[in-house]
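Numbering (our numbering), first residue to last: 1 to 66.
Just so you know, even glycine gets a beta-carbon here, dropped at the ideal spot from N, CA and C.
From a predicted model like this one, the values you see are computed outputs, not experimental measurements.
For reference, the structure discussed in these notes is given below.
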């Protein structure tokens, strides 16, 4: 799986900034947003890997037909 480190670092930086600047009652909203963003990055990468696996499988089957 490949998720750009820069994206992860950006979310870490945002989390630290929220922790420093926001009142306690507002932090939960931002934590949930960050968690949702991380989940989307993971889901997008999993979808990309699934698509690559299907393409590989199709290529393997095409080569076997020759």
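For residue j and residue i, believed in contact at Cβ under 8 Å, the rounded distance
i          : j          : result
residue 45 : residue 12 : Wrong, their Cβ atoms sit about 18 Å apart, outside the cutoff.
residue 30 : residue 22 : 7 Å
residue 19 : residue 7  : Not really, about 19 Å apart at Cβ, beyond 8 Å.
residue 14 : residue 34 : 6 Å
Within 8 Å, strictly: CB atoms of residue i and residue j
i          : j         : result
residue 49 : residue 1 : yes
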